[in-house]
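Here the structure is laid out as structure tokens; the discussion comes afterwards.
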Amino acid sequence: MQGKFSPRRWGSPGAERFGWPAGWSRPVCRKGRRRRSQSTSRAADEGSPEPGPELARVEAALFLSREPLTTRKLAELAGVADGTRARTLVGQLAERLRRRGAAMQPVEIAGGWQLLTQPRLADWLGRLLGGPEDARLSPAALETLAAVAYRQPATRAEIEAIRGVQCGELLRLLMERDLLRIVGRADELGRPFLYGTTRNFLQVFGLRRLEDLPPIDQTRTTAGRSDAGASLIATGAIECA
């Protein structure tokens, strides 16, 4: 249906700027103008067309999950064809959120994908919510964690040889924090436990995989700590008490 036309007066002093002499009238389609205005406003707010059902389900699954989701698990939850399709949709979601300047973004972490807030909001969120109580480690605990992370799988004797002191209690503490776990036994006398890092370790330090750990030889020793401990501090994920 065509919109109704009505004259619009251009009698203001600035009308000549638009090529319309003062006192002239111009036909305006009110209905069409309203539709164009709404369409333009919607495009400005969203920056892209409405997401398809698959993309919406992927976003919802990531939003609700408290743990990183592998592409296979994400495909299963979102009802898409396979992990390859899920990865493609995650890429589209990341671009969509980036264009909108959204507060969250999908991040590949600990072997999966998780919807996390933008790093630029970290300080503000920290003041708003307060940091977790277990976000601080003593220098000794951090060095022990670093020794395992870079040497794993490692026995307690190997870790103590690196640090030069006993670390049984520290290993227990780090296991309680879900940063370390027992991954097996060594093929030597007494079959001692082998220690390794957990998936939570990757999440806490923002790593996709262990290969993403910062190289030790590229990090200076900090305040007498080992190079490995300084490397973990450099990630900024855990503060040193």
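Throughout, our numbering is defined as the position within the sequence shown, counted from one, plus 331.
We put the CB at the ideal spot given by N, CA and C, even for glycine.
Span of the alpha helix (DSSP H) holding residue i?
i    : result
F536 : Run containing F536: none; DSSP gives neither H nor E here.
R430 : G414 to R431
L393 : P384 to L395
V496 : No alpha helix (DSSP H) holds V496; DSSP gives it neither H nor E.
Run the CB neighbour count on residue i, radius 10 Å, all protein chains shown included, and call it buried at 16 or more, exposed below.
i    : result
A434 : exposed
P546 : exposed
A453 : exposed
W455 : exposed
E474 : buried
V479 : buried
P437 : buried
T528 : buried
T402 : buried
Q445 : buried
I513 : exposed
L459 : exposed
L468 : buried
Can you look up residue i in the DSSP assignment and give me helix, strand or coil?
i    : result
L510 : coil
E403 : In the sequence as displayed, the identity of residue 403 is Arg instead of Glu. DSSP places R403 in helix when its eight states are reduced to three.
A480 : helix
G575 : Past the edges of the chain, shown from 332 to 572, lies residue 575, and the structure says nothing about it.
G457 : helix
L468 : strand
T475 : helix
A374 : Confidence at A374 is low in this model, with a pLDDT of 44, below 50, so its placement is unreliable and no value can be given for it.
Pull the bridge partners of residue i from the DSSP assignment, please.
i    : result
I440 : G443
T448 : M435
G515 : L525
A485 : Y526
To the nearest whole angstrom, what separates the beta carbons of residue i and residue j, a pair I think is in contact under 8 Å?
i    : j    : result
L533 : I440 : 7 Å
P523 : R516 : 7 Å
Y526 : L538 : Contact flag wrong, Cβ pair sits at about 18 Å.
L409 : E385 : Checking the displayed sequence, the identity of residue 409 turns out to be Ala instead of Leu. That belief holds up - the Cβ atoms of A409 and E385 are roughly 7 Å apart, short of 8 Å.
A471 : L501 : 6 Å
C498 : E491 : 6 Å
V389 : L424 : 6 Å
Could you confirm whether any beta carbon from chain C is found closer than 9 Å to the beta carbon of residue i?
i    : result
P523 : Chain labels in this structure do not include chain C; a single protein chain is all it has.
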